[in-house]
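One structure below.
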Amino acid sequence: MDNTNNTHNINILDFSLAGLEELILSLGEKKFRAKQIFGWLAKGAASFDEMSNVPAALRHRLEESGYYIGQPEVVLEQVSASDGTRKCLYEFRDGARVESVFMKYSYGNSICISSQVGCRMGCTFCASTMDGKARDLTGGEMLGEVLRMVRHTGENINHVVIMGMGEPFDNYDEVARFIRLINSPDGFSLSQRNITVSTCGIVPMIRRFAEDFPQVNLAVSLHAPNDNIRRRTMPVAKAYDYDALMRACREYTDITHRRITFEYALIRNVNDSKDNAEELAGRLKGWLTHVNLIPLNEVSGRDYKTAEGRSITAFRDILEKKGIAVTIRRTLGSDIDAACGQLRRR
Ligand code: SAH
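Going left to right, the sequence shown walks through residues 637 to 982 as my numbering numbers them.
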């Protein structure tokens, strides 16, 4: 990066501590200033002026050289009256908008962040993909989503799930940057075990992820017991078939010894029958998994209906009987537009 060119706008949140040290040294400043700035950023500083122990001359120098702190602005917010879930529509400097959701659980506070502006995976039940992908987010912008939420709510965040808009494995390098940034002991210092990445099933990336981040949790959006049904709703299934996906997932558990989570959104008359449950149980029998059943969030402009309550419990019971760990996801914030991508479209 050319840091003398002040016509560039550079998000300083994209810098690792090592990168920041290099930058600070190149400006003729003392190296320890980088650690100070990195710490301020992780504590949520939204302007250089807040960094009270950093000399004013250096703060101005950074600004004049085109560096800025890329926290998004909150342009719209929905707060659930029932459970405190808060959904924010964020806007970045270039006008790109994404969604982020803050949720309270018994074990702590969680944020669901976006990894892309829109999505190009084309799942037919999902709102985020309806206008395609506008651009990728950078790792620093993803960090900005978390930092803004902490600042905005005044709450701690203990768990980050990359399950908002976008496909993280379609933007692997920046998602990797984000994980390293938020995990940094001189920064936000979030344990990798408290991070979950959700993929629609980009098979080659699952193995790479297992090797790069064996402590980060992986969720795989399955949504079907076989290729036939999966291809109807998830175009990615045409590129990577069910068997290839299952092989990659087994490899993942072999490498990491971690339990994989399968997401399964129950769609009425599409994937919610007892036969579908039996077939899924057969696929998953005998290995370290957890199935998350999600009552479909109905999206306006899509024909799909959520499964009926009794088919949801029947589905769960069948998996349970086959010894598969399964939960029906608590629907948080059901009084707000909780399905991601819906707020942005309004
Ligand atoms: N692209 C990633 C992460 C983003 S979506 C992935 O596919 O996993 C997060 C989860 O929400 C995925 O499991 C996705 O399939 C699911 N999802 C999308 N639209 C939904 C809807 N309308 N109702 C319920 N779940 C939905």
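Beta carbons: idealized from backbone N, C-alpha and C, even for Gly.
Residue from the options whose Cα sits closest to the Cα of residue i
i	options	result
Met801	Ala770, Ser825, Gly790	Ala770
Thr963	Phe951, Val927, Ala950, Arg938	Val927
Asn792	Lys740, Phe805, Ala812	Lys740
Val737	Asp730, Leu712, Leu955	Leu712
Asn647	Phe951, Tyr703, Val856, Ser688	Tyr703
Phe805	Lys874, Ile838, Glu934	Ile838
Asn689	Ile705, Ser683, Ala860, Arg669	Arg669
Arg733	Asp772, Ala917, Ala717	Asp772
Glu665	Asp953, Met841, Ala681, Arg695	Arg695
Ala860	Met766, Gln851, Val797, Glu915	Glu915
Pro931	Gly918, Thr774, Gly937, Val906	Val906
Leu924	Met882, Ala901, Asp939, Ser716	Met882
Ser683	Ala913, Arg722, Arg784	Arg784
Glu956	Tyr888, Gly922, Arg722	Gly922
Lys1052	Glu686, Gly706, Pro821, Ser764	No information on residue 1052 is available, as it lies outside the stretch 637 to 982 that the chain covers here.
Ala846	Tyr888, Lys958, Leu817, Asn864	Tyr888
Ala681	Ile705, Tyr940, Gly945	Ile705
Leu929	Ala913, Gly918, Tyr940, Asp939	Ala913
Cβ neighbour criterion (16 or more within 10 Å) applied to residue i
i	result
Asp890	exposed
Leu661	exposed
Glu657	buried
Tyr808	buried
Arg729	exposed
Arg844	exposed
Arg866	buried
Asn642	Note that Asn642 has pLDDT 44, beneath the 50 cutoff, so the model's placement of it is unreliable and the number below is only indicative. Classification of Asn642: exposed, given that the 10 Å Cβ count is below 16.
Ala693	exposed
Glu735	buried
Pro708	buried
Ala717	exposed
Asn933	buried
Tyr726	buried
Thr851	At residue 851 the sequence reads Gln, which differs from the Thr that was named. Exposed, since its Cβ has fewer than 16 Cβ neighbours within 10 Å.
Cβ separation of residue i and residue j, assumed to be a contact under 8 Å, to the nearest whole Å
i	j	result
Asn853	Arg894	7 Å
Met757	Cys885	With 8 Å as the limit, Met757 and Cys885 do not qualify as a contact, their Cβ atoms being about 18 Å apart.
Leu653	Arg697	Not confirmed; about 19 Å, so no contact.
Tyr878	Asn862	6 Å
Ile954	Leu920	About 12 Å separates the two Cβ atoms, so there is no contact after all.
Val797	Cys748	5 Å
Asp911	Phe951	Actually they are not in contact, since the Cβ atoms of Asp911 and Phe951 sit about 11 Å apart, beyond 8 Å.
Val984	His788	Lying outside 637 to 982, the shown extent of the chain, residue 984 is not represented and no answer is given.
Cβ pair residue i, residue j closer than 9 Å
i	j	result
Gly768	Asp650	no
Ser750	Glu781	yes
Leu659	Gly823	no
Cys724	Thr869	no
Met778	Val753	no
Thr942	Arg966	no
Glu899	Val856	yes
Asn794	Ser746	yes
Val935	Phe761	yes
Leu902	Ile948	yes
Met799	Ser742	no
Phe849	Ile896	no
Thr774	Arg813	yes
Met766	Gly937	yes
Below-9 Å beta-carbon distance, residue i vs any chain D residue
i	result
Leu659	Among the protein chains of the structure shown there is no chain D, as only one such chain exists.
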